[in-house]
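full-length UniProt numbering puts the sequence shown at residues 1 to 142.
Note that CB positions come from ideal geometry on N, CA and C, so glycine has one too.
Model, not experiment: these values are computed from the prediction.
See below for the structure under consideration.
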Amino acid sequence: LYGANLSRADLSRAKRINKHHCTPLLLLLDQPGKIRAYKLVNADMEGQYNGGIKYKIGKTVSVDDANTDDTEQCAAGINIATLDWCMKEWKEGYRILIVEFTAPDIAAIPTATDGKFRVHRCKVVGEKDLKEIGLIREGVEQ
């Protein structure tokens, strides 16, 4: 499987897969101090799939039931991601927040993730400028 794109594969019953060969985001576990990633939210500042948690700049959010199973690509927890993942999933009206966390806050980095992972807690520290990253055109209001 070396070099295979497993980003959409169901690996829940796979055996003898070396996650270090196909999960570059595992480097987050070795980072000291504060780490930043991104949270895609809808117009109501809630997660785009399940909602429930309101995200506000300057506030820390946390969950008690974050799924720690790295064989599950999408599961309970605060799902955050790389900027490219957020940009691929973005729809009109969505916003991309900048969140901060530490390595111990990470609940799971799914094996062969396409850029999304889960944390137990994070602090919302800012928001990406959608014009600056090319998601909306200059002069077009969202």
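Find the nearest neighbour of residue i within the set the options, judged by alpha-carbon distance.
i, options, result
"residue 74", "62, 92, 48, 31", "48"
"residue 18", "27, 31, 112, 136", "112"
"residue 129", "106, 118, 86", "86"
"residue 117", "21, 94, 57, 40", "40"
"residue 72", "9, 24, 125, 4", "9"
"residue 106", "91, 26, 137, 93", "26"
"residue 124", "23, 24, 98", "98"
"residue 43", "23, 132, 127, 83", "127"
Which of the three DSSP states is assigned to residue i in this structure?
i, result
"residue 37", "strand"
"residue 46", "strand"
"residue 54", "strand"
"residue 32", "coil"
"residue 84", "helix"
"residue 130", "coil"
"residue 19", "helix"
"residue 89", "helix"
"residue 135", "coil"
Could you pull the DSSP bridge partners for residue i from this structure?
i, result
"residue 99", "37, 124"
"residue 78", "119"
"residue 61", "122"
"residue 108", "118"
Between residue i and residue j, what straight-line distance do the alpha-carbon atoms span, to the nearest angstrom?
i, j, result
"residue 16", "residue 103", "25 Å"
"residue 96", "residue 52", "17 Å"
"residue 56", "residue 100", "13 Å"
"residue 79", "residue 138", "29 Å"
"residue 59", "residue 119", "15 Å"
"residue 5", "residue 122", "29 Å"
"residue 93", "residue 45", "10 Å"
For residue i, would you say it is in contact with chain B, using Cβ-to-Cβ distances shorter than 8 Å as the test?
i, result
"residue 109", "Of the protein chains in this structure there is only one, and it is not chain B."
Are three or more beta carbon pairs between the stretch 27 to 36 and the stretch 50 to 64 nearer than 8 Å? no
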